[in-house]
Structure formats: C-alpha cells, structure tokens
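Before any comments, here is the structure.
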Amino acid sequence: MVILSAIFFGLFWCMICPVEMVTTFFAKIGFKRKRPKWILSEWIAILFYMIILIGGVTILEVDRNPKYTSYYLLSIVGISIISGLIFEKNTFCRYICPFGFVLGIFSKLAICGWRVKNKDVCNSCSDKSCITKKYIYNLNYKSCGVDLFPGKIDDNNHCLLCGGCLKTCKTYQTDTNSLRPNPGIVKIGFANDLLKITPLSI
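If you use my numbering, the sequence shown corresponds to residues 75 to 276, in order.
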C-alpha cells in the first residue's frame, strides 16, 4: 500500500511521517554541521535499505516479530535524532532514510506532484523565503529542509509534500492571485498525457 501510494501521489507517506518533525527539532538544537560527501551521495540510504532487507526482514523477520519490529522502529527514530543533532537541515529524510529513498524511486511514476504553476514569480523572487535558513528549523512555518527550490522542482523524488514552501512564501501570502506562484498538486507525467487523449474522428 505504501509503494502504491507513492506511485499515485509521490512521497505522500513522508508527509504524514512523524520522523520529519523529530529530526527537524533536534537539528534546531544540534551542531548544524555540513553534510559530508559520503552522505550527499545517498549511498548510505542504499546500504541502510540493504541491511534492513537482508538482516531485518530475511534473518530477524522484523515484519513478523513484534519485539524486533519495535526495536527496528526505535532504531529508525534513534538514527534520525543522531543525524539531526549532528548535521544541518533535514539530513535524515533526504539522504539517509531507506523508505524515502525507495519511495522516491517509485514516486517518479506518480500521476500527481507538487509543482509551481507560475515559475517566473519564483525565479524573480528576491526574498526566497521558501529556502532561506531563517525558517529552516521551524516546526510549522518552515522553509524547505531537503534543499528544494519550488521553481525548479521537476520530479517527485525528494519533495516531502510538507507544504512549507507555501506557508513561508511571502508573495503567495500577500499579493493578488495573478502575481502568486500558485504552488499545488497537479497532474504530471503519463496521467497528464492520458487526459489529453481524444477519440479519433472518422
């Protein structure tokens, strides 16, 4: 069901996952160190997923044993806390989380995605409150913690659908509708192409 939701709606599961709030909170009080290249490469997410798949599911059967399942979930939260305390921004969700990595692959097939309908407004914006560090560690009214600029989002691979860019966008909150960037959920990919198909006329 989780993978199916990614195919239809992108990283919808990440939007409701509480770990994002946990890692953001600890990043706010942490050391905020720059992320090393070995984390930015996303290989750690692949390694994490393989450990879970081979060690957790195959050997320990965490999907069938409640005791090991609880240990597994606690380890996920623990790693998110540690990464939040050490590194800047939302490092765990973007570069470490094995679920986000796998769902991000399937979300490339999604029929819906978060897009800006008026990219010129975003590209000409001098404030860039949606990505500024000023709001990066807020728990609600926050800028993007996974290094995405709304005006340049062209796939669903990393967007957590948190809506933070919408809340912090001063242009969206103050200007008239014609001048707003108007971000939102839109039809993309093959779904948009299918809806454009019309019957052949004879």
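We put the CB at the ideal spot given by N, CA and C, even for glycine.
The structure displayed is predicted, hence computed values, not measured ones.
Beta-carbon gap between residue i and residue j smaller than 8 Å
i, j, result
"T98", "L235", "no"
"G225", "I160", "no"
"C199", "T242", "no"
"N231", "K163", "no"
"F180", "I113", "no"
"T245", "V195", "yes"
"G238", "C218", "yes"
"G158", "A101", "yes"
"V151", "V96", "yes"
"V93", "S154", "yes"
"I210", "K202", "no"
"Y146", "G129", "no"
Presumed contact (8 Å Cβ cut-off) between residue i and residue j, rounded CB distance
i, j, result
"V76", "L177", "7 Å"
"R107", "Y169", "That belief does not hold up - the Cβ atoms of R107 and Y169 are roughly 13 Å apart, past 8 Å."
"G84", "G174", "Their Cβ separation, rounded to whole angstroms, is 11 Å, which puts G84 and G174 out of contact at 8 Å."
"P172", "Y123", "4 Å"
"V233", "L222", "Note on residue identity: the sequence assigns Cys, not Val, to residue 233. The pair is a contact, with the Cβ atoms about 6 Å apart (cut-off 8 Å)."
Which residues DSSP lists as bridging residue i, in chain order
i, result
"F161", "R107"
Residue i - DSSP class collapsed to helix/strand/coil
i, result
"S217", "coil"
"Y209", "helix"
"D194", "helix"
"C88", "helix"
"S200", "coil"
"L222", "coil"
"C239", "helix"
"L234", "coil"
"I179", "helix"
"C167", "helix"
"I81", "helix"
"V76", "helix"
Residue i beta carbon near the ligand FAD (any heavy atom closer than 7 Å)
i, result
"S157", "Ligands displayed in this structure: none; no statement on the ligand FAD is therefore possible."
Inset, instruction - Pick out the complete alpha helix (DSSP H) segments inside the stretch 91 to 160, 4 residues or longer, and give them in chain order. - result: Here the runs fully enclosed are 93 to 103, 111 to 114, 117 to 125 and 140 to 160.
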